[in-house]
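Q: Please see the structure below; I have some questions.
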Ligand code: NAP
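In my numbering, the protein residues as written are 4 to 248.
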C-alpha cells in the first residue's frame with residue numbers, strides 16, 4: 004500500500020472525479036476525509052469507502068467560503084495531521100463572454116480558484132511544520148488552451164496553474180510538493196450537460212476519440228501523493244487523450 008498511515012482531504016468529493024480519487028486513495032491505505040457541499044453525498048462516499056474496508060469520514064463545507072473552510076480545516080487538524088490535500092471542487096457556469104452574467108463569473112472564480120487559496124493556506128502551516136505534504140490541484144486543459152463559452156472557467160483554471168507553481172516554490176524546501184492535474188473531457192455530471200452537437204465537436208478534437216473517465220485520473224493522483232513522487236513539484240500534467248499535446 005502506497006499511502007498507509009496518511010490522512011487525505013479531498014474537496015468536492017461527493018461525486019464525479021473527487022469520489023473516484025477518494026476511493027483510490029483509501030484503497031492505498033490513506034484515511035480519507037471526504038468533503039462536499041452536499042452533506043449526504045459526502046457521507047455516502049465515506050460509507051462506500053468504509054464498506055470496502057477503508058477508513059473515511061465526511062465533512063460538509065462550502066470551500067468557496069473562507070471562514071467556513073478555515074473552520075473546517077481547524078477542526079480536522081485538531082484530531083489529525085493533513086498529509087494530502089486534493090483541491091478538486093469545481094463548477095461551470097458557461098456562456099459566451101458577451102452574455103455572461105457577473106454572478107456567473109464570480110461564482111466560478113470563487114468555487115474553482117478562491118477555494119484553492121482557502122484550503123491550501125489553511126493546511127500549509129501544518130504541512131510545513133511536519134515537513135511533509137502533498138497538494139494536488141485539479142485544473143483543466145481549458146486553462147491551457149481556452150474553450151468557447153468558458154471565459155470564467157478558463158480564467159479560474161489558468162489561475163490555478165499560476166497559484167500552484169507559486170506555492171510549489173514557497174513550500175519546496177519543506178517537503179511539500181504541489182502539482183496540477185489538467186484533465187481533458189471526463190465523463191461526469193459536469194460533461195453530461197453537453198449537447199449532442201457539442202459532444203460531436205469535442206470527440207473530433209480528442210486524438211483518442213473517447214471521453215476520459217475519473218478512473219483515468221485517479222492513478223496519477225495516487226502516484227503524485229506517494230513517496231515515489233517526492234522530487235516532482237510545480238508540474239502540470241494533462242490527462243486528456245492527447246487534446247493539448
Ligand atoms: P462534478 O461531478 O460536478 O463534481 C464536482 C463536485 O464538487 C460536486 O460533488 C459538487 O457538489 C462539489 N462542489 C461544488 N461546489 C462546491 C463547493 N463550493 N464546496 C464543496 N464542494 C463543492 O464535477 P467533476 O467532473 O467531478 O469535476 C471535478 C473537478 O475536475 C472540477 O474541478 C472540474 O473543474 C475538474 N475537471 C472536470 C472535467 C470534466 O470533464 N468532468 C474536466 C477538467 C477538469 P454539488 O453536488 O453540490 O454540485
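Beta carbons are placed, not taken as given, at the ideal position from N, Cα and C, and that holds for glycine.
A quick note: this is a predicted structure, and the numbers were derived from the prediction, not measured.
In terms of residue numbering, what span does the beta strand (DSSP E) encompassing residue 63 cover?
A: 58-63 is the extent of the beta strand (DSSP E) around residue 63.
Q: Give every residue of the same chain whose Cβ lies closer than 7 angstroms to the Cβ of residue 214, excluding the five residues on either side of it in the sequence, and list them in chain order.
A: Correct list, in chain order: 188, 189, 190, 194.
Q: Grab me the residues of residue 107's own chain with a C-beta within less than 7 angstroms of its C-beta, minus the 5 sequence neighbours each way, in chain order.
A: The residues are 96, 98, 155.
Q: How big is the Cα-Cα spacing for residue 33 and residue 57?
A: Whole-angstrom Cα-Cα distance: 8 angstroms.
Q: Would you kindly check if the distance between the Cβ of residue 80 and the Cβ of residue 25 is under 8 angstroms?
A: It is not a contact, given that the beta carbons lie outside the stated cut-off.
Q: Report yes or no: do the region 172-187 and the region 228-242 share at least 3 C-beta pairs separated by less than 8 angstroms?
A: Contact between the region 172-187 and the region 228-242 is present, because at least three Cβ pairs lie under 8 angstroms.
Q: Please find out if some non-hydrogen atom of ligand 1 comes closer than 7 angstroms to the beta-carbon of residue 226.
A: No, ligand 1 has no heavy atom inside 7 angstroms of this Cβ.
Q: Between residue 6 and residue 229, how many whole angstroms is the CB-CB distance? I'm expecting something under 8 angstroms.
A: With a Cβ gap of about 6 angstroms, residue 6 and residue 229 count as contacting.
Q: To the nearest angstrom, report how far apart residue 37 and residue 86 are at their CA atoms.
A: Straight-line Cα distance between these residues: approximately 14 angstroms.
Q: Taking the DSSP output, what are the residues bridged to residue 186?
A: According to DSSP, residue 186 bridges with 242.
Q: Considering only the beta carbon of each residue, do residue 27 and residue 222 sit closer than 8 angstroms?
A: Yes, these two residues count as a Cβ contact at 8 angstroms.
Q: Here's the rule I'm using: 16 or more other beta-carbon atoms within 10 Å means buried, otherwise exposed. How should residue 66 be labelled?
A: So residue 66 counts as buried.
Q: Under a three-way DSSP split, which group does residue 86 fall into?
A: Residue 86: coil per DSSP, three-state reduction.
Q: Among the candidates 217, 226, 232, 163, whose CA atom is the shortest distance from the CA of residue 243?
A: Minimum Cα distance to residue 243 is reached at 217.
Q: What does residue 11 pair with, by DSSP beta-bridge criteria?
A: According to DSSP, which records beta bridges pairwise, residue 11 is partnered with 35, 87.
Q: Please go through the same chain and pick out, in chain order, the residues whose beta-carbon is closer than 7 angstroms to the beta-carbon of residue 145, but skip the five residues on each side of it.
A: Hits under 7 angstroms: 153, 156, 157, 160.
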